[in-house]
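Student:
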Amino acid sequence: MRYRSLLSALTMTLAAPVVAQPAANHATKQVSASAAAGSGSAWRTAARLRRGVNILGYDPLWRDPAKARFQTRHFRIIKQGGFDFVRVVLQSFAHMDAQNRLDPQWLATLDRVVQEATAAGLGVIIDEHDFDPCSDAPDACEPKLAAFWTQIGERYRNAPDTVLFELLNEPHGPLDRARWNAMLRTLIPLVRATNPTRTLVIGPTRWNNLEELSGLELPKDDRNILVTFHSYEPFRFTHQGAPWAKDMVGVKDVPFTADDEARIKADYDKVALWSKANDRPVLMGEFGAYEKSGTPMAARARYTATVRREAEAHGFPWAYWQFDSDFIVYDIDSDQWVEPIRAALIPGRR
Ligand code: BGC
34 MRYRSLLSAL
44 TMTLAAPVVA
54 QPAANHATKQ
64 VSASAAAGSG
74 SAWRTAARLR
84 RGVNILGYDP
94 LWRDPAKARF
104 QTRHFRIIKQ
114 GGFDFVRVVL
124 QSFAHMDAQN
134 RLDPQWLATL
144 DRVVQEATAA
154 GLGVIIDEHD
164 FDPCSDAPDA
174 CEPKLAAFWT
184 QIGERYRNAP
194 DTVLFELLNE
204 PHGPLDRARW
214 NAMLRTLIPL
224 VRATNPTRTL
234 VIGPTRWNNL
244 EELSGLELPK
254 DDRNILVTFH
264 SYEPFRFTHQ
274 GAPWAKDMVG
284 VKDVPFTADD
294 EARIKADYDK
304 VALWSKANDR
314 PVLMGEFGAY
324 EKSGTPMAAR
334 ARYTATVRRE
344 AEAHGFPWAY
354 WQFDSDFIVY
364 DIDSDQWVEP
374 IRAALIPGRR
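Just so you know, we're using the working numbering here: the sequence shown kicks off at 34 and counts up by one.
Shown next as structure tokens:
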């Protein structure tokens, strides 16, 4: 079914602003198992997440469901491809009115996405991705982010516990340690008011930089927080030629080397030490190498395999950046996996 018809079906069937429980499937089984074991630890969430992919950040779907590139069947393709969860990338501020109320049609689209991913047996991270406006102007961002999490917290309070909330992607610039930690002191209680047992995903400053983990201040008694970092090092390799990245235009022919592999391993050793010392599980929520400036596929696949392997060796679930748009692992236009990248992510699967 295409999004258009699915959405009209949804509009008719969803009377209350709550995500409908999915039909019996893998995800619901996991929910009952974890409910029986009690709730509250992000370690359990981390153990079942494993392998994920970022989706929908730049899909026309959000403005007009009839123009969606991503279709319902892609959730099944992702699941059958060996992935366990999706990180749904949301730029919600563009869909708010002057009172910061989210557009009902946009919310209905999000309901459908969450419901269909869940029904396909995939975990879901709802990721608020207005990181640029929030970082440029934290004071203007904070009421919008609070409004987003108030509305989303209320709307998804009964969603299965396979649905996670990521408060904000990649704070950076003026949204520095002090300002981000202060914002978290507002946001976390606000979300906890409606979702006391849901796993939250929170990352440090400087674009979720692992070097900033020690500056992240989280409530000590809240053990249901999964800490996230992003892994684009070496940046000159992964972002060579990327037009949006600082100083990367014109950079080319940067190889991926054995020294780079060793550095990734050493970096992850540090993250794992931090994780153990702080008793906080860690998610590596984005990694990938830009493809549109001619970086050879073999080098991109080697980088991808290295990061994936090291993340798993260190016990970090991960999410590849991204399914469609750029850095792609799936080619929607020709309806097939980008095989070298998929094989680097999910080895041994056809
Ligand atoms: C941003 C994308 C960017 C990617 C890699 C993401 O967090 O949202 O716009 O392409 O990082 O730089």
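All C-beta atoms, glycine included, are put in the ideal place defined by N, C-alpha and C.
Expressed to the nearest angstrom, what Euclidean distance is found between the alpha-carbon atoms of Ala68 and Val284?
Tutor: In the sequence shown, residue 68 corresponds to position 35, counting from 1. In the sequence shown, residue 284 corresponds to position 251, counting from 1. Residue placement at Ala68 cannot be trusted, given a pLDDT of 36 that sits under 50; the coordinates are not used to answer.
Student: Which of the three DSSP states, helix, strand or coil, is assigned to Arg96?
Tutor: Within the sequence shown, numbered from 1, the residue matching residue 96 stands at position 63. In this structure, Arg96 counts as coil in the three-state DSSP scheme.
Student: Once the 5 residues before and after Asn228 are set aside, which same chain residues still bring their CB inside 8 Å of it?
Tutor: Position 195 of the sequence shown holds residue 228. Correct list, in chain order: Gly186, Tyr189, Arg190, Phe198.
Student: With which residues is Asn87 paired in a DSSP beta bridge?
Tutor: If you number the sequence shown from 1, residue 87 lands on position 54. Asn87 is bridged to Arg120.
Student: Taking the straight line between their C-alpha atoms, what separation do you get for Leu47 and Phe270?
Tutor: To locate residue 47, count along the sequence shown from 1; it is residue 14. To locate residue 270, count along the sequence shown from 1; it is residue 237. Because the pLDDT of Leu47 is 34, which lies under 50, any placement of that residue in the model is unreliable, and the question is left without a value.
Student: Taking the alpha helix (DSSP H) that His6 falls in, what are its first and last residues?
Tutor: Nothing can be reported for residue 6: it is not among the residues displayed for the chain, which extend from 34 to 383.
Student: Alpha carbon to alpha carbon, how far is Arg313 from Trp76? Give it in angstroms, no decimals.
Tutor: Locating residue 76 in the sequence shown gives position 43, counting from the first residue. Locating residue 313 in the sequence shown gives position 280, counting from the first residue. Using only the alpha carbons, I get a separation of about 7 Å.
Student: Which residues bound the alpha helix (DSSP H) around Trp351?
Tutor: Counting from 1 along the sequence shown, the entry for residue 351 is found at position 318. Unbroken run through Trp351 is the beta strand (DSSP E), 351-353; no alpha helix (DSSP H).
Student: Measuring only from the beta carbon, is Val245 closer than 7 Å to any heavy atom that is part of ligand 1?
Tutor: If you number the sequence shown from 1, residue 245 lands on position 212. Looking at the sequence provided, one finds Glu at residue 245 rather than Val. Outside the cutoff, so no.
Student: Which of helix, strand or coil does DSSP assign to Phe360?
Tutor: By one-based count along the sequence shown, residue 360 stands at place 327. Phe360: coil per DSSP, three-state reduction.
Student: Count the CB pairs spanning the segment 234-252 and the segment 192-207 that are closer than 8 Å, and state whether there are at least three.
Tutor: Yes, they touch.
Student: Please go through the same chain and pick out, in chain order, the residues whose beta-carbon is closer than 6 Å to the beta-carbon of Tyr265, but skip the five residues on each side of it.
Tutor: Walking along the sequence shown from the start, residue 265 turns up at place 232. Contacts found: Thr271.
Student: Please classify Pro380: does DSSP put it in a helix, a strand, or coil?
Tutor: Within the sequence shown, residue 380 is the residue found at index 347, counting from 1. Coil, per DSSP.
Student: Just to confirm my understanding: we take Asp364, look at its own chain, exclude 5 residues before and 5 after, and list those with CB closer than 8 Å. What are they?
Tutor: Here residue 364 refers to the residue found at position 331 of the sequence shown. So the list reads Trp370, Val371, once near-sequence residues are dropped.
Student: Counting Cβ pairs, one atom from each stretch, are 3 or more of them under 8 Å apart for the segment 322-337 and the segment 78-93?
Tutor: These segments do not touch.
Student: Just mark Val391 as buried or exposed, buried being the case when its beta carbon has 16 or more other beta carbons within 10 Å.
Tutor: This structure does not reach residue 391, given that the chain is present from 34 up to 383, and the question cannot be answered.
Student: What span of residues does the alpha helix (DSSP H) with Ile297 cover, start to end?
Tutor: The residue you call residue 297 lines up with position 264 of the sequence shown. Taken as a continuous stretch (DSSP letters only), the alpha helix (DSSP H) holding Ile297 covers 291-311.
Student: Which residues share a DSSP beta bridge with Met281?
Tutor: Sequence index remark: in the sequence shown, residue 281 carries index 248 (1-based). Answer is none; Met281 lacks a bridge partner.
Student: Whole angstroms are fine: how far does the CA of Ser358 sit from the CA of Arg375?
Tutor: Taking the sequence shown and counting its residues from 1, one reaches residue 375 at position 342. Taking the sequence shown and counting its residues from 1, one reaches residue 358 at position 325. Their Cα atoms are separated by approximately 16 Å.
Student: Could you check how far apart the C-beta atoms of Ile159 and Val196 are, in whole angstroms? I think they sit under 8 Å.
Tutor: Here residue 159 refers to the residue found at position 126 when the sequence shown is read from its first residue. Here residue 196 refers to the residue found at position 163 when the sequence shown is read from its first residue. The Cβ separation is near 7 Å, so the contact holds.
Student: So what does DSSP say about Thr328, is it helix, strand or coil?
Tutor: What you label residue 328 is simply residue 295 of the sequence shown in a count that begins at 1. Coil.
Student: From the DSSP output, read off the bridge partner residues of Met317.
Tutor: In the sequence shown, residue 317 corresponds to position 284, counting from 1. For Met317, which the question treats as bridged, DSSP gives the partners Phe262, Trp351.
Student: What residue ranges within the segment 212-259 form continuous alpha helix (DSSP H) runs of no fewer than 4 residues, ordered along the chain?
Tutor: Qualifying alpha helix (DSSP H) stretches, in chain order: 238-241.
Student: Measure the alpha-carbon distance for Asp302 versus Gly274 and round it to whole angstroms.
Tutor: Taking the first residue of the sequence shown as 1, we reach residue 302 at position 269. Taking the first residue of the sequence shown as 1, we reach residue 274 at position 241. Roughly 29 Å between the two C-alpha positions.
Student: Find out if the Cβ-Cβ distance for the pair Lys258, Leu220 is shorter than 8 Å.
Tutor: Along the sequence shown, read from residue 1 onward, the residue named residue 258 stands at position 225. Along the sequence shown, read from residue 1 onward, the residue named residue 220 stands at position 187. Rather than Lys, the amino acid found at residue 258 in this sequence is Ile. Against a cut-off of 8 Å, the Cβ pair of Leu220 and Ile258 comes out as no contact.
Student: Closer than 7 Å: is that where the CB of Glu266 sits relative to any heavy atom of ligand 1?
Tutor: One-based indexing of the sequence shown puts residue 266 at position 233. Answer for Glu266: no, Cβ out of range of ligand 1.
Student: Let me know the secondary structure DSSP gives Ile397 once reduced to three states.
Tutor: Because the chain in this structure spans residues 34 to 383, residue 397 falls outside the shown range and cannot be described.
Student: So if DSSP puts Asp172 in a beta bridge, which residue, or which two residues, is it bridged to?
Tutor: Residue mapping note: residue 172 aligns to position 139 of the sequence shown, counting from 1. None, per the DSSP bridge assignment.
Student: DSSP beta-bridge partners for Val196?
Tutor: Within the sequence shown, the letter at position 163 stands for residue 196. DSSP lists Val157 as partners of Val196.
Student: Mind checking whether Pro165 and Pro207 have CB atoms under 8 Å apart?
Tutor: For the purposes of this step, residue 165 is taken as the residue at position 132 of the sequence shown. For the purposes of this step, residue 207 is taken as the residue at position 174 of the sequence shown. Per the sequence presented here, residue 165 reads as Asp, with Pro not at that position. The answer is no: Cβ separation not under 8 Å.
Student: Going by other Cβ atoms of all chains shown within 10 Å of its Cβ, with 16 needed for buried, is Asp254 buried or exposed?
Tutor: Translated into positions along the sequence shown, residue 254 becomes position 221. So Asp254 ends up on the exposed side.
Student: On a Cα-Cα basis, can you pick out the residue from Trp307, Phe360, Leu249, Ser326 that is closest to Gly348?
Tutor: Walking along the sequence shown from the start, residue 348 turns up at place 315. Taking only the C-alpha atoms, the option nearest Gly348 is Trp307.
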